[in-house]
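Enquirer: Note that the protein sequences, when read in sequence, are chains A, B, C and D.
If you read the first sequence in the numbering used here, its first letter stands for residue 7, the second for the next number, and so on.
If you read the second sequence in the numbering used here, its first letter stands for residue 7, the second for the next number, and so on.
If you read the third sequence in the numbering used here, its first letter stands for residue 1253, the second for the next number, and so on.
If you read the fourth sequence in the numbering used here, its first letter stands for residue 1253, the second for the next number, and so on.
Sharing a structure, written as structure tokens. Questions coming.
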Amino acid sequence: MTFSAKRWREDFPILRPSAKGRWVYLDSAATTQKPEAVLRAVDDYYRRYNANVHRGVYRIAAEATERYEEARQRVARFIGGDPRGLIFTRNTSEAINLVAYAWGLDNLKEGDAILVTAAEHHSNLVPWQLVAKRTGARLRVIPLDEEGHLDLSQLPELLEGVKMVALGHASNVLGTVNPVEEVIRAAHEKGALVLLDAAQSVPRMPVDVKALDCDFLAFSGHKMLAPMGIGVLWGKPEILEKMAPFLGGGEMIGRVEWEGSTWREIPWKFEAGTPNVGGAIGLLAAVDYLEKVGMAAIARREEELGQLMARRLRELPGVVVYGPRGQRTGIVAFNVEGVHPHDVSQILDEEGVAIRAGHHCCQPLHRLLQAGSSCRASVYLYNDEEDVDRLVAAVQKVREVFRVPG
Amino acid sequence: MTFSAKRWREDFPILRPSAKGRWVYLDSAATTQKPEAVLRAVDDYYRRYNANVHRGVYRIAAEATERYEEARQRVARFIGGDPRGLIFTRNTSEAINLVAYAWGLDNLKEGDAILVTAAEHHSNLVPWQLVAKRTGARLRVIPLDEEGHLDLSQLPELLEGVKMVALGHASNVLGTVNPVEEVIRAAHEKGALVLLDAAQSVPRMPVDVKALDCDFLAFSGHKMLAPMGIGVLWGKPEILEKMAPFLGGGEMIGRVEWEGSTWREIPWKFEAGTPNVGGAIGLLAAVDYLEKVGMAAIARREEELGQLMARRLRELPGVVVYGPRGQRTGIVAFNVEGVHPHDVSQILDEEGVAIRAGHHCCQPLHRLLQAGSSCRASVYLYNDEEDVDRLVAAVQKVREVFRVPG
Amino acid sequence: MSLDDLYQELILEHARYPHHRGTLADPTVTLDAQNPTCGDEIHLQLKLSGDERKIEDIAFSGHGCSISQASASMMTDLVLGLSVKEALEKVQAFQDMMRTGEPREGLGDAVALAGVSRFPVRIKCALLAWMALKEALEETGAM
Amino acid sequence: MSLDDLYQELILEHARYPHHRGTLADPTVTLDAQNPTCGDEIHLQLKLSGDERKIEDIAFSGHGCSISQASASMMTDLVLGLSVKEALEKVQAFQDMMRTGEPREGLGDAVALAGVSRFPVRIKCALLAWMALKEALEETGAM
Ligand SMILES: Cc1ncc(COP(=O)(O)O)c(C=O)c1O
Ligand SMILES: Cc1ncc(COP(=O)(O)O)c(C=O)c1O
């Protein structure tokens, strides 16, 4: 059975061809487009049973609450986790900050270390810098090898004194998937916890928190077909239970007295105020859609297209492709010699191909790559070989306009 | 010119009469319903120009960024504030927590006091308890008089040693509007800052931060026609500039190094990760709609219906209405003697009237009212006198089922 | 679903004049439980026999809606005099009834609450006292 | 809007072979500016006459897209030898041109950048050097 991107594409209103022809979207690592099924689920919520959750006795309030909690169950099942550990946040960034504050402020102190990798997204780096500053803990960095893989040769030494390993699962620049099982095992042996930044893995491969045995996992709905404004932190219930709350407010309380308060049980302890119910319902529909397509099929497909894209781009003279030559995801960062990524992206846009240009929230990694910025093309289930052809042809056009030698 | 709720009602798909007749929604203080214009604006975004903001060169990314920043300008104008001080959050709760953490952790210490009122919503109480616990600061409470108005007779004494006054603008239970100008003036004289919890004021009356001279203002989009998942913190730019960031991540950074980072200018310094662009665009459309109806007209209308509801309910034997007899908003809390609010709300639901039952996130206030919980009916621009009739008739039905004497 | 299912005369009677409402002079176990979403609270007290095998006396106080009050009243009627083991079986039977909506035998007046299962938001109200009992009995460790 | 507006030969020439790229031995003012959304950076150096009235020499380094590089190159050509006041007027004229899209007189080669105004995301690129110059001149306080 071959994967039919063309068939899936029909479900995405924004991807329908216009009079000018078909537009090619290759920026799904930044945010994905949304299928009709997700848009309808959210619309149906607002047109039929929009209400604040948890406290309403009337019918639509009960229905909204039920669907919201069903979304929690469903998304937890999707990642193989206990739903009591599933907290809805705005996005990956907020999820990581939640842990950095609620776990970090109480569990880090002078002399402790937090271990990250050299390829970390700012969202899995800056929160740890902020909490390090407040607690006196220090950051330590797992280096990369030439191809962008983690260099784990010094891992045991790096783990000395580490309380938290904050680790990207799949890179948003290099197209690598990190050997997180190995790091998790080593970290646990030394008594450190592990948070996985799964913003780029949960959308594009099967992820099972039980099998991985990670302590925390963060991801964003908008990168996996759901609307913006909904994300997830999953944490092991026994760890979450011991943590102080993060945001204070409605819904997360037990008993409120002037002198202090008690908290509701997890996961609600970590959800303050009116949640994004419509967003959670959208994420539920997105997860249904993804399972219909099949996460294993998506992962295989990503790998195929990623390989093809990397190979075809590498064939062009004056084009450098970052990341490994072997196994990879459908996220490919590259540069055209002597042409700034902004200019590449601008010309590609004129050719009807949307890619991202910049540091992709990975300034330290770009310094390592000795590039101020890069171009990034990333595929999703609606892309196919024809889109890769269009990309390559458009990069040729860049070479012509800027007279790139070769 | 009379206010035509009936006309506005037609804009709200969820409020259209079904075969069983017209359903009466009286829970807008919890969350409002959404007009077609808002639903369409969000839908149009996802169907036409959904993209991650700020970093994209291609056309729809540019359009999404422009609309997102236009929403900031527009919402800032709506509250009369400098757009550089307008930060998009998930909701009021997150907005208040932002200040409690980012301002509080660095500016509160042992011996300092935070002043709140006895009617505070948990979202404007618990964040301060949390930061008080971390810093050694203490909470102090402005008491209420018999009718639920702030008792300001001891204000100068209460303000001694206070660094922050966290003050509800309009109560979500009592229907009162607090004399915030007076408190702000007194607080500023003593060098204290003032945060207004405007979750219930911005949706139902003209609010101008310049005129009020408050330092921070927090409110939620979902309580003013916008989708869930979008809220606002407005702060005076000169104060925000001096604050450390709250959440770390993409978008809020200047230069990221391993050892530490610099921040982007305000307001972006306080927006980490992918924002809820669709939500912001929905809020823009909501603000447009509200200005078309007219905030002054909405305020007058609220007052009329609030008065009517309070008076009609008070006329029923065995019904107690909380809050003032004089001026009030369209939020009315009450109890039916000997009948638990859950039971009242259940019977009202059967009669097609949706109200809220519970402590409305105001446990301390309910202890003051000597009620574990209460019923709350709240109107918005789509409600009218007929809805009040329906409410009163349904409460009569409660009295019959439970044989309330009188 | 109809209101009459929910607000049957028997339920209203129990809610209006609850049985075993009050406190015990010499309880073996005391347990507080609450429904944080609505603020309802129950304080449950048990007096167990010397070998902690049998519920010799029971009382409850606190506040809640008619369903939670009636449910507590019916429950206390039912489990008074039972062994810990029997009482826990009743709790299980009541939970099953709430989940399935099927009336269960051996629940005394509490069978009238079967209709609550059709009002999902109210199930928590009906369960509050039973969950408190279960927790209290498990605390005694007398099973 | 068309790509040819944006990538005119003159612009590409300046981008490929920028004028006054480098550093000064003895600058009066040095200013770093960046466009945080894309990471582009400029280091601008000025040598002012003794009374700080006149731009006697100018140089820039850093990295950025063709538009920002070309713009910096054109700007340095334009303001070299001008008084601080004249230079600030040029900055104002360039800003106006970016806002309105109308070509402005007296901007030298930089008039070729008028078309950038039709690409809103790129305006920041074109403005980077000019904003740096403005800030640098204001820092000298020589106005
Ligand atoms: C006065 C007041 N403050 C704060 C909030 C919290 O708003 P949100 O739940 O949107 O964060 C509410 C509404 O629930 C409120 O009425
Ligand atoms: C690896 C990685 N981590 C974190 C994030 C942050 O996600 P969000 O912006 O949704 O918070 C992203 C996406 O931008 C990412 O690619």
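Don't be surprised by glycine CBs; every beta carbon is placed ideally from N, CA and C.
Could you tell me whether the region 23-30 of chain B touches the region 351-362 of chain B, where touching means 3 or more Cβ pairs closer than 8 Å?
Expert: Contact holds: three or more Cβ-Cβ distances are below 8 Å.
Enquirer: Is there a Cβ of chain F sitting closer than 8 Å to that of C:Ser1323, yes or no?
Expert: The chain labelled as chain F is not found among the protein chains of the depicted structure, namely A, B, C and D.
Enquirer: Report yes or no: is there a C-beta of chain B within less than 8 Å of the C-beta of D:Pro1355?
Expert: Numbered from its first residue, the fourth sequence carries residue 1355 of chain D at position 103. No, D:Pro1355 lies away from the interface with chain B (no Cβ there is under 8 Å from its Cβ).
Enquirer: For A:Ala119, which residues does DSSP report across the bridge?
Expert: Taking the first sequence and counting its residues from 1, one reaches residue 119 of chain A at position 113. A:Arg144, A:Val168, per the DSSP bridge assignment.
Enquirer: Run through DSSP, which three-state label would A:Ser267 get?
Expert: Taking the first residue of the first sequence as 1, we reach residue 267 of chain A at position 261. In this structure, A:Ser267 counts as strand in the three-state DSSP scheme.
Enquirer: What are the complete alpha helix (DSSP H) segments, minimum 4 residues, inside the region 215-296 of chain A?
Expert: Entirely contained in the region 215-296 of chain A, the alpha helix (DSSP H) runs reaching 4 residues are, in chain order, 215-218, 243-248.
Enquirer: With DSSP collapsed to three states, give me the class of A:Lys40.
Expert: Locating residue 40 of chain A in the first sequence gives position 34, counting from the first residue. Three-state result, A:Lys40: coil.
Enquirer: Do we get a CB-CB distance below 8 Å when we pair B:Gln333 with the residues of chain C?
Expert: Numbered from 1 along the second sequence, position 327 holds the residue referred to as residue 333 of chain B. Not closer than 8 Å to any Cβ of chain C, the Cβ of B:Gln333 fails to qualify, so no.
Enquirer: For C:Met1253, count neighbouring C-beta atoms within 10 Å of its own C-beta (all shown protein chains included) and say buried if the count is 16 or more, exposed if not.
Expert: Taking the third sequence and counting its residues from 1, one reaches residue 1253 of chain C at position 1. Caution is warranted here: a pLDDT of 48 is assigned to C:Met1253, below 50, making its placement in the model unreliable, and no coordinate value can be reported.
Enquirer: By Cβ distance, which residues of its chain are closer than 6 Å to B:Glu69, with the 5 residues on each side in sequence left out?
Expert: Indexing the second sequence from 1 puts residue 69 of chain B at position 63. The answer, listed in chain order, is Tyr55.
Enquirer: Below 7 Å, is the gap between the Cβ of A:Gln369 and the nearest heavy atom of ligand 2?
Expert: Within the first sequence, residue 369 of chain A is the residue found at index 363, counting from 1. No, the Cβ of A:Gln369 stays beyond 7 Å of every heavy atom of ligand 2.
Enquirer: For B:Val44, decide whether its Cβ has a neighbour in chain C, counting only Cβ atoms nearer than 8 Å.
Expert: Within the second sequence, the letter at position 38 stands for residue 44 of chain B. No, B:Val44 does not count as interfacial toward chain C.
Enquirer: Closer than 7 Å between beta carbons: that is the criterion. Which residues of the region 1352-1385 of chain C meet it against chain A?
Expert: Those residues of the region 1352-1385 of chain C that come within reach of chain A (Cβ to Cβ, closer than 7 Å) are Pro1372, Val1373.
Enquirer: Would you call the region 332-352 of chain A and the region 232-239 of chain B in contact, with 3 or more CB pairs under 8 Å?
Expert: Touching, no.
Enquirer: Tell me which residues share the same chain as A:Leu290 and place their Cβ nearer than 8 Å to its Cβ, disregarding the 5 neighbours each side in the sequence.
Expert: In the first sequence, counting from the first residue as 1, residue 290 of chain A sits at position 284. These residues qualify, in order along the chain: Ala47, Arg73, Glu76, Ala77, Arg80, Val81.
Enquirer: What first and last residue would you give for the alpha helix (DSSP H) that runs through B:His194?
Expert: Along the second sequence, read from residue 1 onward, the residue named residue 194 of chain B stands at position 188. It spans 186-195 - the alpha helix (DSSP H) in which B:His194 sits, taken as one unbroken run.
Enquirer: In terms of residue numbering, what span does the beta strand (DSSP E) encompassing A:Val326 cover?
Expert: On the first sequence, position 320 is the one that residue 326 of chain A refers to. Unbroken beta strand (DSSP E) run through A:Val326: 325-327.
Enquirer: For a quick check, are the C-beta atoms of B:Val401 and B:Leu319 less than 8 Å apart?
Expert: In the second sequence, the residue the question calls residue 401 of chain B occupies position 395. In the second sequence, the residue the question calls residue 319 of chain B occupies position 313. Taking 8 Å as the Cβ cut-off, B:Val401 and B:Leu319 qualify as a contacting pair.
Enquirer: Could you give the DSSP three-state label for D:Ser1325: helix, strand or coil?
Expert: The residue given as residue 1325 of chain D occupies position 73 in the fourth sequence. Residue state, collapsed to three classes: helix.
Enquirer: Show which residues of chain D have a CB atom less than 7 Å away from the CB atom of A:His346.
Expert: The residue given as residue 346 of chain A occupies position 340 in the first sequence. The contacting residues are Gly1316, Cys1317, Ser1318.
Enquirer: How many Å lie between D:Glu1391 and D:Glu1261 at the Cα?
Expert: Working through the fourth sequence from its first residue, we reach residue 1391 of chain D at position 139. Working through the fourth sequence from its first residue, we reach residue 1261 of chain D at position 9. Taking the straight line from one Cα to the other gives about 35 Å.
Enquirer: Count Cβ pairs between the region 1272-1279 of chain D and the region 1309-1329 of chain C that sit closer than 8 Å; are there 3 or more?
Expert: No, they do not touch.
Enquirer: For chain D, check one thing: does any of its Cβ atoms lie closer than 8 Å to the Cβ of B:Val401?
Expert: Residue 401 of chain B sits at position 395 when you count from the first residue of the second sequence. By this cut-off, B:Val401 is not an interface position.
Enquirer: Counting only C-beta atoms, is A:Glu406 closer than 8 Å to chain D at any point?
Expert: If you number the first sequence from 1, residue 406 of chain A lands on position 400. No, A:Glu406 does not count as interfacial toward chain D.
Enquirer: State whether the region 10-26 of chain B contacts the region 367-380 of chain B, with contact taken as three or more CB pairs (one from each stretch) at a distance under 8 Å.
Expert: Verdict: no, contact absent.
Enquirer: Distance check for B:Gly91 and A:Val179, CA to CA, integer angstroms please.
Expert: Here residue 179 of chain A is taken as the residue at index 173 of the first sequence, counted from 1. Here residue 91 of chain B is taken as the residue at index 85 of the second sequence, counted from 1. Their backbone Cα atoms lie some 33 Å apart in a straight line.
Enquirer: Does the region 1378-1387 of chain C come close enough to the region 1342-1360 of chain D that 3 or more CB-CB pairs lie under 8 Å?
Expert: No: fewer than three Cβ pairs fall under 8 Å.
Enquirer: Give, in chain order, every unbroken run of the beta strand (DSSP E) that is at least 3 residues long and sits entirely within the region 1262-1337 of chain C.
Expert: Correct list: 1281-1287, 1292-1300, 1307-1315.
Enquirer: Using 8 Å as the threshold, is the region 260-271 of chain A in touch with the region 135-153 of chain B, meaning 3 or more CB pairs across them?
Expert: Flag = yes, the region 260-271 of chain A and the region 135-153 of chain B touch.
Enquirer: Restricting to Cα atoms, I'd like to know which of B:Pro273, B:Val325, B:Arg331, B:Ile190 is closest to B:Tyr152.
Expert: Taking the second sequence and counting its residues from 1, one reaches residue 152 of chain B at position 146. In the sequence on display, residue 152 of chain B carries Glu and not Tyr. Considering only alpha carbons, the answer is B:Arg331.
Enquirer: Out of A:Thr141, A:Met170, A:Ala250, which one is the CA nearest neighbour of A:Val147?
Expert: Within the first sequence, the letter at position 141 stands for residue 147 of chain A. A:Val147 has its Cα closest to that of A:Met170, out of A:Thr141, A:Met170, A:Ala250.
Enquirer: With a CB to CB cut of under 6 Å and the five nearest residues on each side skipped, what residues in its chain are close to C:Thr1282?
Expert: Start at 1 with the first residue of the third sequence, and residue 1282 of chain C comes out as number 30. So the list reads Gln1297, once near-sequence residues are dropped.
Enquirer: Is it the case that the CB of B:Ser226 approaches a heavy atom of ligand 4 more closely than 7 Å?
Expert: Looking at this structure, you won't find ligand 4 anywhere; what it does contain is ligand 1 and ligand 2.
Enquirer: Is the CB-CB distance between A:Pro251 and A:Ala101 below 8 Å?
Expert: Working through the first sequence from its first residue, we reach residue 251 of chain A at position 245. Working through the first sequence from its first residue, we reach residue 101 of chain A at position 95. Not a contact, by the Cβ cut-off of 8 Å.
Enquirer: Verify whether the separation of the beta carbon atoms of A:Thr280 and B:Asn103 is less than 8 Å.
Expert: Indexing the first sequence from 1 puts residue 280 of chain A at position 274. Indexing the second sequence from 1 puts residue 103 of chain B at position 97. Result no, Cβ atoms of A:Thr280 and B:Asn103 do not sit closer than 8 Å.
Enquirer: Return the residue from the list C:Gly1316, C:Cys1377, C:Ile1310 that minimises the CA-CA distance to B:Gln345.
Expert: In the second sequence, counting from the first residue as 1, residue 345 of chain B sits at position 339. The question names Gln, but residue 345 of chain B in the sequence shown is Val. Answer by Cα proximity: C:Gly1316.
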